[in-house]
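Take a look at the structure set out below.
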Amino acid sequence: MKFVDEATIRVEAGAGGNGALSFRREKFIPRGGPDGGDGGNGGSVYLIGQEGLNTLADFRHTRVFRAEKGAKGGGSNCTGKSAKDIYIQVPLGTRVMDAEAEELIGEITRHGESLLVAHGGKGGLGNTRFKSSTNRTPRRTTPGKPGEHRELAFELQVLADVGLLGMPNAGKSTLLRAVSDARPKVADYPFTTLHPHLGVVRVGELRSFVMADIPGLIEGAAEGAGLGHQFLRHLSRTRILLHLVDMAPLEPDADLAARIKAIEAELKKFSDVQGRTSVGRSQHPASHDTRTSLYSAGAAGMPGATPQLARRERWLVLNKMDLLPEAEREMRVSRLLKKLKWKRPVYRISAIGGKGCRELTMDLMRRLEQLKGA
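Quick note on numbering: the sequence shown equals residues -8 to 365 in the numbering used here.
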C-alpha cells in the first residue's frame, strides 16, 4: 500500500559572529597595533537520510529548526568559534522542495546521504584585517553575515509494511490505535473504516514500521463487491498480512473457520485475476505498469518481487480473547486451528486492552528486518 506523506518545516542557519575591534595593549608596548579577530561562522542546516524512519510524522510536532550563531571575534587575533552544523534526519525517498520558490532542492535516497538546505553565515572581519601602511590603527570591523532562512516542503511516498485483514468489525481499527499513533474511527458496527488508515508502529527510537488498516472484506470482494478491488489492491504491496479474527461471538467453530476460509478464497481469486492481468500486460509492454506487476511476478520467483496476495506471509491474530470464558479459551483456539489446519504464526490478543500487542509488534519488527535483509 502506498500513499503520499507531506510536511512543511522552516530551517534557519546561524548568523556569523561579528569581527572584533581590539588593539594590542601590553606593558612596554604603548602603541600596539590592531589585534581584533574574525567572527566564527554560523551553523548550517543539513538533511541526512536515516534508514530506520518510515514517515514524516515527527515533523508534525517540530516545525522549526535553528542552527546557532557563530561567536564574535576576540582580542589577540582570536577567531570566534564557529557554530556546529545541525543534521535533520529524514526517511529515505524524501523529496525536498523550496516551498516559496516551488523548486526541487534534492532527494534523499541513501542511508547517511546529506543535503545542505541552509548555509550558515560567514563570520565578520576583525579590525586587524584593515591594517595598512596608511592606516595603522583601523577601527573598522564588519558584522557577521546572516544565515539562510527558508521554508521546506517534504514529500514522501510511504509503503505499508503490514496490512490488517479481516471481516468487518474484527477489531482492526482498534489494534491500529493500540499499537501506533493513528486514530481511525472505532465503533461497534461493520464497515466503520471506509478508507485505509496508516499508522507508524515504533519499536524503540529508530525502529518502526507502517501498518495499514484496510476496510473490512466481504465475500465477493475479488469480483469488486462493495469496494473489494480497491481494498484488495491496497494490500498488494504489504510484506506481511495480519488476519484478525473476532473470537467473541459465541458461534460454532465451523462458522468461524468458514469466515476465515472465505477471506482466503477472496485473496486467491484476486491473485488469479492479477496473474492473468500481468500476463496480458506482458504482451503489451508499452502499457505495462511495473508497480502493479510487482506482486503478480512474485509467484514466478522473480528476484525482489513480492509474492502474490494469496501466497503472502499471513499471521493469524485472534482478537477479543478477554471476552471468552477463561476455561474455554484454549479449547476454542485448538479446535479452530485444527479445522483450519493452520501451521503459521498465531497470536492471542485483546486489542482494546493492549494485551499481547507488544509481543506481536516486536515479532513483526524482527520479521520485517529479516525480510528486508533477505
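Note that CB positions come from ideal geometry on N, CA and C, so glycine has one too.
Outcome for residue i when other beta-carbon atoms lying within 10 angstroms are tallied against a minimum of 16
i, result
"ASP354", "exposed"
"VAL55", "exposed"
"ASN126", "exposed"
"LEU232", "buried"
"GLU257", "buried"
"ALA58", "buried"
"PHE19", "exposed"
"PRO25", "buried"
"LEU156", "buried"
"LEU95", "exposed"
"ASP29", "buried"
"GLY23", "exposed"
"GLY138", "buried"
"ALA249", "exposed"
"SER73", "buried"
"ALA291", "Annotation note: pLDDT 32 at ALA291 (below 50); position unreliable, coordinate value reported separately. Exposed, by the Cβ-count rule."
"ASP76", "buried"
"GLY295", "Reliability fails at GLY295, whose pLDDT of 36 lies under 50, so the model's placement of it is uncertain and the value that follows must be treated cautiously. Flag for GLY295 reads exposed."
"ASP204", "buried"
"LYS63", "buried"
"SER13", "buried"
Cut-off 6 Å between Cβ atoms - residues of its own chain near residue i, not counting five sequence neighbours on either side
i, result
"ARG303", "LEU232"
"ARG193", "SER199"
"VAL81", "LEU38 and ILE99"
"LEU362", "ARG230"
"ALA277", "The predicted position of ALA277 is uncertain, since its pLDDT is 40 and thus under 50; a value taken from the coordinates is nonetheless stated next. Excluding positions up to five away in sequence, the list is empty."
"CYS372", "Residue 372 is absent from the model: the chain starts at -8 and stops at 365."
"LEU166", "ALA342"
For residue i, the three-state DSSP class (helix, strand or coil)
i, result
"GLN361", "helix"
"THR128", "coil"
"ILE39", "strand"
"VAL12", "Correcting the residue identity first, residue 12 is Leu in this sequence and not Val. It is coil, neither helix nor strand."
"ASP29", "coil"
"LYS346", "strand"
"MET(-8)", "With a pLDDT of 45 at MET(-8), under the threshold of 50, the modelled position of that residue is not reliable, and the figure given next carries that caveat. If DSSP states are grouped into helix, strand and coil, MET(-8) belongs with coil."
"ARG193", "strand"
"LEU247", "helix"
"ARG303", "coil"
"THR70", "coil"
"ILE20", "strand"
"THR133", "coil"
N-terminal and C-terminal residue of the alpha helix (DSSP H) that residue i is part of
i, result
"VAL108", "Looking at the DSSP string, VAL108 is not in any alpha helix (DSSP H); the run it does join, the beta strand (DSSP E), is 105 to 109."
"MET312", "Per DSSP, MET312 belongs to no alpha helix (DSSP H) and is neither H nor E."
"THR165", "163 to 170"
"VAL324", "317 to 331"
Terminal residues of the beta strand (DSSP E) in which residue i lies
i, result
"ALA144", "140 to 150"
"ALA203", "199 to 204"
"GLU98", "94 to 99"
"ILE231", "231 to 237"
"ILE77", "77 to 82"
"LEU155", "153 to 156"
"PHE56", "55 to 57"
"THR85", "85 to 89"
"ARG51", "First-last for ARG51: undefined, no H or E at that position."
"ARG339", "337 to 339"
Own chain, CB closer than 8 Å to residue i, minus 5 neighbours either side, in chain order
i, result
"GLY43", "LEU197, ARG198 and SER199"
"ASP237", "GLY157, MET158, ASN160, ALA161, GLY162, ASN310 and LYS311"
"LEU47", "ASP(-4), GLU(-3), ALA(-2), VAL81, PRO82, THR85, PHE145 and LEU147"
"VAL201", "ASN45, THR46, VAL149, LEU150, ALA151, ASP152, VAL153, LEU189, GLY190, VAL191 and VAL192"
"GLY344", "ASP313"
Neighbourhood of residue i by C-beta distance below 7 Å, restricted to the same chain and skipping five residues each side
i, result
"LEU328", "VAL337"
"GLY347", "TYR338, ARG339, ILE340 and SER341"
"LEU314", "ALA239"
Between the segment 35 to 53 and the segment 2 to 16, can you find at least three pairs of beta-carbon atoms closer than 8 Å?
yes
Q.
Under 8 Å: do the segment 77 to 92 and the segment 111 to 121 share three or more Cβ pairs, one atom per stretch?
A. no
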